[in-house]
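Chemist: I'd like to ask some things about the structure below.
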Amino acid sequence: MSVFEQLIADFQNASTWLELALLALCLALAFGITRMLRKHFASDTSVWLGPTALRGALFPLLTLVLVWIAQAVLAHYQQVFWLRMAGSLLLSLAVIRFVVRVLSKTFPNSTAARLFEQVFSWLAWGVAVLASLGLLQDVMQELDSLHLALGKTSVSLLTLIEGLLSAGLMMVAVLWASSLFEQRVLNQVVSDLSMRKVAMNITRTVLITVGLLVSLSIVGVDLTALSVMGGAVGVGLGFGMQKIASNYVSGFLVLIERALRIGDNVRVDGFEGRITDIKTRFTVIRASNGRESIVPNETLITQRVENLTRFDQRFSLTTDIVVELNSDVEQVRALLLAAAAAQPRVLKAPAPSVLLVEILAYGLQFSLTYYIADPVNGQGNVRSDVNIAVLAGLRAAQVALAVPQQRLSWPSETPIEGVVPVVKNGADFIGHA
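This is the structure in structure tokens:
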């Protein structure tokens, strides 16, 4: 009897309405349990519960378990068709939902992750359909009969596919385990953000290495052959990947030594901002205007870096003005100090200071210096508020700003009637009156 004849016989012998009723009951029970759990453990980022009861991995998994129980009980009394097909589809849905939720949580904006989800979903649904039709074993035998020559080694296409799938599933499981370890253990035990990042990187690296070795051993790859590959990788790291290896090691050193931590305000190579993240190869520094700088970790070890947070969080700002020569010096000083003291973000200690920095031919130049403790909240806005207050105070006191004197020169010794000289940007121009 062929496969399709067996399917037709099972369909004719099966009690369709009873199986569909049991399937609907399993779906309702699984939905009720999942919804009840979401009320007590609500989390939109949860892999199992998801943003809704139907989008998490727990709903198809619970339905699959209930369908298997119903199928095992009903198989003692009659032929089972619909529940067997539903079991294969639910198994694929549970695996797909788990993989998709883990990848979307770990790589929220990754195009490669989205592509892997789509390819894996199509493969999983294809396997489920073949298993439901009873053709999966025949397809696997055909794939096993096809061999690929890799040097002196011949590998069947089935072994290659199984290796890729097992490695991919193992990596997804590793990412989920590392994320779960970070949430349940590291976030509660390790309070320092930098040390938490170190522990997370080490944990993920160890789990990924172990997962790769386990997945290779499952498909029958001899792990002793990896010693040659390990030597080649070591040579490659020594010659062609020096910078990558240096940045990778430097990232761990920065996190372990804690000289620079996430959240510190730093100045690197003239760029000033706050450290938002320390990756394995680079560090992300965000300036107050929103710009981000990607700094290789090796730079933080080998070059001069100013940590503005660790030693002194105070940041100085200055405002320079030039008033007329006949202005009262003490009055101008008092106006500038009052303008700075009126701003809430300007520190009282050290207090603002005013200096008469230069006596010019056309006026007196004053410099107002004041300090703020939160440069991450913006520097230009504070300087603007102080400048506005300074201008308002000078106008109220009728203190005029000095205007630079400009020397007018005639283009010729004898003026031309109806023509006046005009000076613009330091150059002589001729205009008609």
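The sequence shown begins at 18 in the numbering used here and counts up one residue at a time. Just so it is clear, CB atoms sit at the ideal spot from N, CA and C, and this is done for glycine as well.
Would you call Ala413 buried or exposed, if buried means 16 or more other Cβ atoms sit within 10 Å of its Cβ?
Modeler: Result: exposed.
Chemist: Under the rule that 16 or more other beta-carbon atoms within 10 Å means buried, what is Val136, buried or exposed?
Modeler: Counting Cβ neighbours within 10 Å, Val136 comes out exposed, since fewer than 16 surround it.
Chemist: Along the beta strand (DSSP E) that carries Gly290, what are the first and last residues, could you check?
Modeler: Its beta strand (DSSP E) spans residues Phe288 to Ile295.
Chemist: Between Leu352 and the rest of its own chain, which residues show a CB-CB distance below 8 Å, the 5 nearest in sequence each way excluded?
Modeler: Cβ within range, chain order: Val407, Gly410, Leu411, Ala414 and Val416.
Chemist: Quick check on Ser183: does DSSP put it in helix, strand or coil?
Modeler: Helix, per DSSP.
Chemist: Consult DSSP for Ala368 and reduce its assignment to one of helix, strand or coil.
Modeler: Coil.
Chemist: What number of angstroms, rounded off, separates the C-alpha of Pro68 from the C-alpha of Leu182?
Modeler: Rounded to the nearest angstrom, the two C-alpha atoms are 27 Å apart.
Chemist: Can we say the region 297-304 touches the region 342-360, given the rule of at least three CB pairs closer than 8 Å?
Modeler: The region 297-304 vs the region 342-360: no contact.
Chemist: Let me know if Ala38 comes out buried or exposed under the rule of 16 or more other beta-carbons within 10 Å of its beta-carbon.
Modeler: Counting Cβ neighbours within 10 Å, Ala38 comes out exposed, since fewer than 16 surround it.
Chemist: Once the 5 residues before and after Lys441 are set aside, which same chain residues still bring their CB inside 6 Å of it?
Modeler: With a pLDDT of only 43 at Lys441, under 50, the local geometry of the prediction cannot be trusted, and no value is derived from it.
Chemist: Would you grab the beta carbon distance between Leu192 and Thr123 for me? Rounded to a whole angstrom, and I think it's under 8 Å.
Modeler: Confirmed, about 5 Å.
Chemist: So, does the region 317-324 touch the region 334-347, judging by three or more C-beta pairs under 8 Å?
Modeler: Taking 8 Å as the limit for Cβ pairs, the verdict is that the region 334-347 does not touch the region 317-324.
Chemist: Alpha carbon to alpha carbon, how far is Ala483 from Arg114?
Modeler: Shown here, the chain extends from 18 to 450; a query on residue 483 therefore has no answer.
Chemist: Suppose you measure from the CA of Leu91 to the CA of Leu100; what does that come to, to the nearest Å?
Modeler: Cα to Cα, the separation comes out at about 9 Å.
Chemist: Below 8 Å, how does it come out for the region 285-297 and the region 257-269: are there three or more Cβ pairs, yes or no?
Modeler: The region 285-297, when compared against the region 257-269, does touch it at the 8 Å Cβ threshold.
Chemist: Would you identify the three-state DSSP class for Asp379, choosing helix, strand or coil?
Modeler: For the sequence presented, residue 379 should be read as Tyr rather than Asp. Note: Tyr379 maps to coil in three-state DSSP.
Chemist: Rounded to the nearest angstrom, how far is the Cβ of Ala145 from that of Leu81, given a contact under 8 Å?
Modeler: Actually they are not in contact, since the Cβ atoms of Ala145 and Leu81 sit about 11 Å apart, beyond 8 Å.
Chemist: Note down the Cα distance separating Glu274 from Gly380, rounded to an integer number of angstroms.
Modeler: Cα to Cα, Glu274 sits roughly 53 Å from Gly380.
Chemist: Could you tell me the distance, in whole angstroms, from the CA atom of Asn314 to the CA atom of Asp281?
Modeler: Straight-line Cα distance between these residues: approximately 15 Å.
Chemist: Could you check if Gln95 is buried or exposed, using at least 16 other CB atoms within 10 Å of its CB as the buried criterion?
Modeler: Label assigned to Gln95: exposed.
Chemist: Would a C-beta distance cut-off of 8 Å place Val285 and Thr316 closer than the cut-off?
Modeler: Yes.
Chemist: Name the DSSP bridge partner or partners of Asn282?
Modeler: In DSSP, Asn282 forms a bridge with Arg291.
Chemist: Quick one: what does DSSP say Arg303 is sitting in, helix, strand or coil?
Modeler: Three-state DSSP puts Arg303 in a strand.
Chemist: The beta strand (DSSP E) that contains Val312, what's its start and end?
Modeler: That run of the beta strand (DSSP E) goes Glu309 to Pro313.
Chemist: Which ranges does the alpha helix (DSSP H) cover as unbroken runs of at least 4 residues, wholly within the region 45-126, from first to last along the chain?
Modeler: Fully enclosed alpha helix (DSSP H) runs of 4 or longer: 75-91 and 99-123.
Chemist: Does DSSP put Glu199 in a helix, in a strand, or in coil?
Modeler: Residue state, collapsed to three classes: helix.
Chemist: Where does Phe4 land, buried or exposed, given buried means 16+ other C-beta within 10 angstroms?
Modeler: Since the first and last residues shown for the chain are 18 and 450, residue 4 lies out of range.
Chemist: To which residues of the same chain is Leu110 closer than 6 Å at the C-beta, ignoring the five residues directly before and after it?
Modeler: Counting only Cβ-Cβ distances below 6 Å, and skipping sequence neighbours, we find Pro77.
Chemist: Using the rule of at least 16 other Cβ atoms within 10 Å of the residue's Cβ for burial, across every protein chain shown, is Leu373 buried or exposed?
Modeler: Looking at its Cβ environment, which holds fewer than 16 other Cβ atoms inside 10 Å, Leu373 is exposed.
Chemist: How is Val339 classed by DSSP in three states: helix, strand or coil?
Modeler: In this structure, Val339 counts as strand in the three-state DSSP scheme.
Chemist: Nearest-angstrom Cα distance between Leu120 and Leu385?
Modeler: About 54 Å.
Chemist: Taking the alpha-carbon of Phe198 as reference, which of Met187, Asn218 and Leu418 has the nearest alpha-carbon?
Modeler: The residue with the shortest Cα to Cα distance from Phe198 is Asn218.
Chemist: Which residues mark the beginning and the end of the alpha helix (DSSP H) in which Val322 is found?
Modeler: It is not in any alpha helix (DSSP H) - Val322 instead sits in the beta strand (DSSP E) that spans Val322 to Asn324.
Chemist: Please go through the same chain and pick out, in chain order, the residues whose beta-carbon is closer than 6 Å to the beta-carbon of Gln165, but skip the five residues on each side of it.
Modeler: As written in the sequence, residue 165 is Leu, which differs from the Gln given in the question. Contacts found: Val172.
Chemist: So is Thr33 buried or exposed if we call it buried at 16+ other beta carbons inside 10 Å?
Modeler: Under this definition Thr33 is an exposed residue.
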